[in-house]
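**Q**
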Amino acid sequence: MQRFEIINTFIKNNNFKNYLEIGVFRGQNIREIIAEHKDGVDPTTELGKTIPEINYPITSDDFFELIKGHNIKYDIIFIDGLHHADQVDKDIENALNHLVDKGIIVMHDCNPEKEEYTSVPRKTGIWHGDVYKSALRLRQKYPHKFITVDTDCGCGVIFNGIEEDNKCSNTSLQEGEDSWAYFDKHRVKLLNLISVDEFKATYQ
Numbered sequence: 479m480q481r482f483e484i485i486n487t488f489i490k491n492n493n494f495k496n497y498l499e500i501g502v503f504r505g506q507n508i509r510e511i512i513a514e515h516k517d518g519v520d521p522t523t524e525l526g527k528t529i530p531e532i533n534y535p536i537t538s539d540d541f542f543e544l545i546k547g548h549n550i551k552y553d554i555i556f557i558d559g560l561h562h563a564d565q566v567d568k569d570i571e572n573a574l575n576h577l578v579d580k581g582i583i584v585m586h587d588c589n590p591e592k593e594e595y596t597s598v599p600r601k602t603g604i605w606h607g608d609v610y611k612s613a614l615r616l617r618q619k620y621p622h623k624f625i626t627v628d629t630d631c632g633c634g635v636i637f638n639g640i641e642e643d644n645k646c647s648n649t650s651l652q653e654g655e656d657s658w659a660y661f662d663k664h665r666v667k668l669l670n671l672i673s674v675d676e677f678k679a680t681y682q
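Under the working numbering, the first residue of the sequence shown carries the number 479, and numbering increases by one thereafter.
#1: Are the beta-carbon atoms belonging to Y610 and C588 less than 8 Å from one another?
#2: Quick check on the burial criterion: 16 or more other C-beta atoms within 10 angstroms. Buried or exposed for P599?
#3: Out of I484, E543, N670, state which residue places its alpha-carbon closest to the alpha-carbon of L614.
#4: Does DSSP put E761 in a helix, in a strand, or in coil?
#5: Which of the three DSSP states, helix, strand or coil, is assigned to V598?
#6: Can you tell me which of the three DSSP states E591 falls into?
#7: Which value, in whole angstroms, describes the spacing of the CA atoms of K551 and D628?
#8: Can you find at least 3 beta carbon pairs, one from the segment 494 to 505 and one from the segment 558 to 568, that sit closer than 8 Å?
#9: In the DSSP assignment, find the alpha helix (DSSP H) that holds I550 and state where it starts and stops.
#10: Report the three-state DSSP secondary structure of V502 (helix, strand or coil).
#11: So if DSSP puts L577 in a beta bridge, which residue, or which two residues, is it bridged to?
#12: Would you decide whether R665 is buried or exposed? Buried here means 16 or more other CB atoms lie within 10 Å of its CB.
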């Protein structure tokens with residue numbers, strides 16, 4: 479199951495209309511999204527090519543600053559921009575400010591396979607960055623329900639307005655709990671990891 483299939487499942491089930499994608503890159507994902515209105519944010523294009531799905535060729539910070547103070551809301555937002563946890567933290571916070579009640583955020587790269595793929599800055603061809611740290615911090619900071627579908631590098635899902643029964647811990651991550659060793663050992667619990675079959679049984 480690919481990321482766009484997860485997103486389209488939520489769009490179909492909830493009759494979502496407005497979609498925002500942070501980090502369009504070549505446009506493979508956004509082209510597969512079935513929504514009435516789609517906004518794509520990405521500051522770069524590959525080899526100078528124009529990607530028609532990028533209607534905001536700026537950084538996510540600049541985009542959210544641009545719409546700040548305007549009553550612009552999205553039903554579902556996909557975050558796949560710069561894979562640095564500090565940036566992802568900002569993207570999540572900004573996205574929540576422009577998400578409708580009962581809206582959904584999907585995050586890519588939450589369940590990296592190997593530690594070498596998590597380096598910041600990037601050192602490998604396959605690269606997830608340290609997005610997983612943002613997923614852990616998210617579960618500490620916000621009460622929103624959060625799951626991670628164990629597919630396509632780990633697709634985290636934030637359910638706005640639906641509170642989670644059990645958060646990872648009481649207040650904040652203890653020292654070392656966002657380290658790779660701790661994460662790798664406890665990833666199922668920390669990410670609230672579910673299989674594709676479990677996702678389909680619950681949400682399709």
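The beta-carbon is built from N, C-alpha and C at its ideal position, and this holds for glycine as well. A quick note: this is a predicted structure, and the numbers were derived from the prediction, not measured.
**A** Judging by the given coordinates:
#1: Position 132 of the sequence shown holds residue 610. Position 110 of the sequence shown holds residue 588. Yes; because the gap between Cβ atoms is below 8 Å, this pair is in contact.
#2: Residue 599 sits at position 121 when you count from the first residue of the sequence shown. It counts as exposed.
#3: In the sequence shown, the residue the question calls residue 614 occupies position 136. Nearest C-alpha to L614: N670.
#4: No answer is possible for residue 761: the residues shown for the chain start at 479 and end at 682.
#5: Along the sequence shown, one-based indexing puts residue 598 at 120. In the structure shown, V598 sits in coil (DSSP, three-state: anything other than H, G, I, E or B).
#6: Here residue 591 corresponds to residue number 113 of the sequence shown, with the count starting at 1. In this structure, E591 counts as coil in the three-state DSSP scheme.
#7: Sequence index remark: in the sequence shown, residue 551 carries index 73 (1-based). Sequence index remark: in the sequence shown, residue 628 carries index 150 (1-based). Between K551 and D628, the C-alpha separation is close to 28 Å.
#8: yes
#9: Start at 1 with the first residue of the sequence shown, and residue 550 comes out as number 72. Careful: I550 lies outside any alpha helix (DSSP H) and carries neither H nor E.
#10: Looking up residue 502 in the sequence shown gives position 24. The answer is coil: DSSP assigns V502 none of H, G, I, E or B.
#11: Taking the sequence shown and counting its residues from 1, one reaches residue 577 at position 99. Y552.
#12: Within the sequence shown, residue 665 is the residue found at index 187, counting from 1. Counting Cβ neighbours within 10 Å, R665 comes out buried, since at least 16 surround it.
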